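Colleague: Just so you know, the sequences run in chain order B and C.
Under this note's numbering, think of the first position of the first sequence as 3, with each following residue one higher.
Under this note's numbering, think of the first position of the second sequence as 216, with each following residue one higher.
By construction, the Cβ of each residue, glycine as well, lies at the ideal position given by its N, Cα and C atoms.
Here the structure is a predicted model, which means the values were calculated and not measured.
Got a structure here, written out as structure tokens. Questions coming.
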Amino acid sequence: LANAWYDTPTKWYPLHIGVGSLLLVSLHWRKRRQQALEDAEAGDDNAPVRLKGPWQVHALGILPLRSASRLWGYLNSLELPVWFRPFGFSFYAWIFGCNLDELDEPDLKKYKSLGDFFYRKLRPDARPIAPSLLVSPADGTVLHFGSIQDHRRVEQVKGMTYSLDALLGVASGSSTPTSEEIHFGNRDHAHVDDTEFANVNGIEYSVDTLLGHPAQRQQSLPTSETKDASVEKDAALEAGINMTDNVNVALDAGIRPLLHRTPSQSAVNKVKDGNELFFAVIYLAPGDYHRFHSPAAWVVEKRRHFAGELYSVSPYIARRLANLFVLNERVALLGRWRHGFFSMVPVGATNVGSIVVNFDKDLRTNERQKRPAPGVFREAVYTRASPLLGGQPLKPGVEVGGFKLG
Amino acid sequence: STIVLVFEAPKTFQFSLQAGQKVRVGQAMGDV
Numbered sequence: 003l004a005n006a007w008y009d010t011p012t013k014w015y016p017l018h019i020g021v022g023s024l025l026l027v028s029l030h031w032r033k034r035r036q037q038a039l040e041d042a043e044a045g046d047d048n049a050p051v052r053l054k055g056p057w058q059v060h061a062l063g064i065l066p067l068r069s070a071s072r073l074w075g076y077l078n079s080l081e082l083p084v085w086f087r088p089f090g091f092s093f094y095a096w097i098f099g100c101n102l103d104e105l106d107e108p109d110l111k112k113y114k115s116l117g118d119f120f121y122r123k124l125r126p127d128a129r130p131i132a133p134s135l136l137v138s139p140a141d142g143t144v145l146h147f148g149s150i151q152d153h154r155r156v157e158q159v160k161g162m163t164y165s166l167d168a169l170l171g172v173a174s175g176s177s178t179p180t181s182e183e184i185h186f187g188n189r190d191h192a193h194v195d196d197t198e199f200a201n202v203n204g205i206e207y208s209v210d211t212l213l214g215h216p217a218q219r220q221q222s223l224p225t226s227e228t229k230d231a232s233v234e235k236d237a238a239l240e241a242g243i244n245m246t247d248n249v250n251v252a253l254d255a256g257i258r259p260l261l262h263r264t265p266s267q268s269a270v271n272k273v274k275d276g277n278e279l280f281f282a283v284i285y286l287a288p289g290d291y292h293r294f295h296s297p298a299a300w301v302v303e304k305r306r307h308f309a310g311e312l313y314s315v316s317p318y319i320a321r322r323l324a325n326l327f328v329l330n331e332r333v334a335l336l337g338r339w340r341h342g343f344f345s346m347v348p349v350g351a352t353n354v355g356s357i358v359v360n361f362d363k364d365l366r367t368n369e370r371q372k373r374p375a376p377g378v379f380r381e382a383v384y385t386r387a388s389p390l391l392g393g394q395p396l397k398p399g400v401e402v403g404g405f406k407l408g
Numbered sequence: 216s217t218i219v220l221v222f223e224a225p226k227t228f229q230f231s232l233q234a235g236q237k238v239r240v241g242q243a244m245g246d247v
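Pasting the structure below:
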């Protein structure tokens, strides 16, 4: 036995790819089952959203989609030879049905890479903005739309829903400006009384409310620069947003209106009498123009970045993968318009993991770093863009950002 | 990639869309 142990030479053989795949699927299935059991034992309705669906979905779940997405982005950022560009991009346009006559830069040689061409700009007159209350924010296909009635659940496809709070995030307090923001515009009069409450010119708020729950909120950044108050008033009138008493009181007190808002658990508070919540989902196919625009006159108060997975969001996957839009990496832009709450959520996918918001230079998506737990988000508030409105005002049709390859 | 819009509007709001319809930036989606 000793001789056999010490003298038998070790010979390595490659594992058959089928056996390896089965092993990976089995390990993944066991892990998911364990998580499901833990959630059931905890009896927690708010347990983090897990991957659910047929075996194709679970097979997709074991692939390193985020790494693949970054590699895809890198490959498509490589500069192509000038002679190849017209042929290559014309071929791409022919395959995916892009209209090259709409390009802002018609000379295809000027696009250095496929990524550059993918994020192309269109001529300013290529997309006239309809005089409607709500216009399309992007080129694409309408997957689904309707009203939200069933206990704040949004319908992904017929019979398959996901939680509105999971999509937009649930904060443990009100919006959370940083300490720099607390004293903005009135630094001399601001002071903190104790650890429980801060008092700024007679307006009290809890420190916990201000800073948020550390488990759910990683970061809160003020962004953009302050503009002139008269410009903001004009923007408010144009957006049709009433300057509420609360806002005026806060302005008189010399602090940001955002601090004065009532703390809430959900991104969407109770809707006004006579109102309803509506939703619409637009899918952008690979050949579509991939910049997105403002769908209405509204004010973006904050953004929440959820660094999730990067599953495909094609209609095929959307019909099979439950909670797809809650699992994927996304940027929830939250704010208000003349009728109340308004939000736009660009959701990333495997080929387009990078989401850009033009007025938010601090936003970084699809980064190579350890991802936070599901449901955790990074938040930034846009109060500096317009202290009067408490956010970034947008007109209908204004370019907001876009999706980039990788 | 996908864009999800969630908003509050009067109950009289109506979408001027069909599921599966192609839309372009700036095209009317709905009105009160």
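1) In terms of residue numbering, what span does the alpha helix (DSSP H) encompassing F344/B cover?
2) Ignoring anything shorter than 4 residues or poking outside the segment 306-374 of chain B, list the alpha helix (DSSP H) runs there in chain order.
3) State yes or no: is the beta carbon of N368/B nearer than 8 Å to at least one beta carbon in chain C?
4) So if I threshold CB-CB distances at 9 Å, which residues from the segment 130-159 of chain B count as touching chain C?
5) Is the separation between the beta-carbon of T227/C and that of Y285/B shorter than 8 Å?
6) Taking 8 Å as the cut-off, does the segment 136-143 of chain B touch the segment 296-313 of chain B (at least 3 CB pairs, one atom from each stretch)?
7) Could you tell me if Y164/B is buried or exposed, where buried requires 16 or more neighbouring beta carbons within 10 angstroms of its beta carbon?
8) Using C-beta distances below 6 Å, list every residue in its chain close to L166/B, excluding the 5 sequence neighbours before and after it, in chain order.
9) Can you tell me whether G63/B is helix, strand or coil according to DSSP?
10) Residue range of the beta strand (DSSP E) that F281/B falls in?
11) Under a three-way DSSP split, which group does Q158/B fall into?
12) So which residues of chain C does M346/B contact, with C-beta pairs closer than 7 Å?
13) Going by other Cβ atoms of all chains shown within 10 Å of its Cβ, with 16 needed for buried, is K111/B buried or exposed?
14) Can you give me the Cβ contacts of L67/B inside the same chain, cut-off strictly under 7 Å, excluding the 5 residues immediately before and after it?
15) Taking 8 Å as the threshold (C-beta atoms), are L73/B and S115/B in contact?
16) Find out if the Cβ-Cβ distance for the pair G289/B, C100/B is shorter than 8 Å.
17) Output, in chain order, the set of chain D residues within a Cβ distance shorter than 8 Å of E331/B.
18) So, does the CB of G310/B fall closer than 8 Å to a CB anywhere in chain C?
19) State yes or no: is the beta carbon of Y318/B nearer than 8 Å to at least one beta carbon in chain C?
20) Name the residue from F361/B, K272/B, T12/B, F281/B whose alpha carbon lies nearest to the alpha carbon of S345/B.
21) Mind pulling the chain C residues with CB within less than 8 Å of N277/B?
22) Under the three-state reduction of DSSP, which class applies to K111/B: helix, strand or coil?
23) Express the C-alpha separation of V354/B and G148/B in angstroms, rounding to a whole number.
24) Quick check on the DSSP output: the beta strand (DSSP E) that includes A382/B runs from which residue to which?
25) Per DSSP, which one or two residues make a beta bridge with F222/C?
26) May I ask which residues mark the beginning and end of the alpha helix (DSSP H) holding R87/B?
27) Does G399/B come within less than 8 Å of chain C when only Cβ atoms are used?
28) Can you list the residues of chain C that V273/B reaches, using a CB-CB cut of under 8 Å?
29) For V246/C, name the three-state secondary structure that DSSP assigns.
30) What are the boundary residues of the alpha helix (DSSP H) that L170/B is part of?
31) Whole angstroms are fine: how far does the CA of L145/B sit from the CA of P317/B?
32) Please confirm whether W57/B has its beta-carbon closer than 8 Å to some beta-carbon of chain C.
33) Of all Cβ atoms in chain C, is any one closer than 8 Å to the Cβ of P297/B?
34) Please tell me whether I284/B has its Cβ less than 8 Å away from any Cβ of chain C.
35) When you compare the CB of H341/B with every CB in chain C, is at least one pair closer than 8 Å?
Modeller: This is what the structure gives:
1) Here residue 344/B corresponds to residue number 342 of the first sequence, with the count starting at 1. Per DSSP, F344/B lies in no alpha helix (DSSP H) segment; the continuous beta strand (DSSP E) that holds it begins and ends at 342-349.
2) Listed in chain order, they are 317-320, 326-329.
3) For the purposes of this step, residue 368/B is taken as residue 366 along the first sequence, with counting starting at 1. Under the 8 Å criterion on CB atoms, N368/B is classed as non-interfacial with respect to chain C.
4) Answer set for the segment 130-159 of chain B: P130, I131, A132, P133, S134, L135, L136, V137, S138, P139, A140, D141, G142, T143, V144, L145, H146, F147, G148, S149, I150, V156.
5) Against the second sequence, residue 227/C aligns to sequence position 12. Against the first sequence, residue 285/B aligns to sequence position 283. No; because the gap between Cβ atoms is not below 8 Å, this pair is not in contact.
6) In short, these stretches touch, since the Cβ pair count reaches three.
7) Position 162 of the first sequence, counted from the start, is the residue given in the question as residue 164/B. Classification for Y164/B: buried.
8) Within the first sequence, residue 166/B is the residue found at index 164, counting from 1. For L166/B, where only same-chain residues beyond five positions count, the Cβ hits under 6 Å are R154, V156.
9) The residue you call residue 63/B lines up with position 61 of the first sequence. Helix.
10) As a first step, residue 281/B must be located in the first sequence, where it is residue number 279. Where F281/B is concerned, the enclosing beta strand (DSSP E) stretches over 277-285.
11) On the first sequence, position 156 is the one that residue 158/B refers to. Three-state DSSP puts Q158/B in a strand.
12) Residue 346/B sits at position 344 when you count from the first residue of the first sequence. Within chain C, the residues near M346/B are I218, L220.
13) Within the first sequence, the letter at position 109 stands for residue 111/B. A residue is called buried when at least 16 other Cβ atoms come within 10 angstroms of its Cβ; K111/B does not meet this threshold and is exposed.
14) Numbered from its first residue, the first sequence carries residue 67/B at position 65. Excluding sequence neighbours, L67/B sits near E311, L312, Y313, T352.
15) Position 113 of the first sequence, counted from the start, is the residue given in the question as residue 115/B. Position 71 of the first sequence, counted from the start, is the residue given in the question as residue 73/B. No, they are not a contact pair.
16) As a position in the first sequence, residue 289/B is number 287, starting the count at 1. As a position in the first sequence, residue 100/B is number 98, starting the count at 1. Cβ distance < 8 Å, so G289/B and C100/B count as in contact.
17) Absent from the structure: chain D. Protein chains present are B and C.
18) Here residue 310/B corresponds to residue number 308 of the first sequence, with the count starting at 1. Not closer than 8 Å to any Cβ of chain C, the Cβ of G310/B fails to qualify, so no.
19) One-based indexing of the first sequence puts residue 318/B at position 316. Not one chain C Cβ lies under 8 Å of Y318/B.
20) Mapped onto the first sequence, residue 345/B falls at position 343. Measuring from the Cα of S345/B, the nearest candidate turns out to be F281/B.
21) As a working note, residue 277/B is residue 275 in the first sequence. One finds E223, A224, P225, K226 in chain C with Cβ atoms closer than 8 Å to the Cβ of N277/B, taken in chain order.
22) Taking the first residue of the first sequence as 1, we reach residue 111/B at position 109. Assigned with DSSP and collapsed to three states, K111/B falls in helix.
23) The sequence position of residue 148/B within the first sequence is 146, counting from 1. The sequence position of residue 354/B within the first sequence is 352, counting from 1. Distance between the alpha carbons of G148/B and V354/B: 26 Å.
24) On the first sequence, position 380 is the one that residue 382/B refers to. Looking at the DSSP string, the run of the beta strand (DSSP E) that includes A382/B is 379-383.
25) Numbered from its first residue, the second sequence carries residue 222/C at position 7. F280/B, F344/B, per the DSSP bridge assignment.
26) If you number the first sequence from 1, residue 87/B lands on position 85. Looking at the DSSP string, the run of the alpha helix (DSSP H) that includes R87/B is 87-98.
27) What you label residue 399/B is simply residue 397 of the first sequence in a count that begins at 1. At least one CB atom of chain C sits nearer than 8 Å to the CB of G399/B.
28) For the purposes of this step, residue 273/B is taken as the residue at position 271 of the first sequence. Per Cβ cutoff of 8 Å: E223.
29) The residue you call residue 246/C lines up with position 31 of the second sequence. The question names Val, yet the displayed sequence has Asp at residue 246/C. Reduced to three states, the DSSP call for D246/C is strand.
30) By one-based count along the first sequence, residue 170/B stands at place 168. Segment 166-170, the alpha helix (DSSP H) holding L170/B.
31) Indexing the first sequence from 1 puts residue 317/B at position 315. Indexing the first sequence from 1 puts residue 145/B at position 143. CA-to-CA, the gap between P317/B and L145/B works out to about 7 Å.
32) What you label residue 57/B is simply residue 55 of the first sequence in a count that begins at 1. Answer no: the Cβ-Cβ gap between W57/B and chain C never drops below 8 Å.
33) Sequence index remark: in the first sequence, residue 297/B carries index 295 (1-based). Answer yes: the Cβ-Cβ gap between P297/B and chain C drops below 8 Å somewhere.
34) On the first sequence, residue 284/B is found 282 positions in, with the first residue counted as 1. Interface annotation, I284/B: in contact with chain C, CB-CB separation under 8 Å.
35) As a working mapping, residue 341/B is identified with position 339 in the first sequence. H341/B counts as touching chain C.
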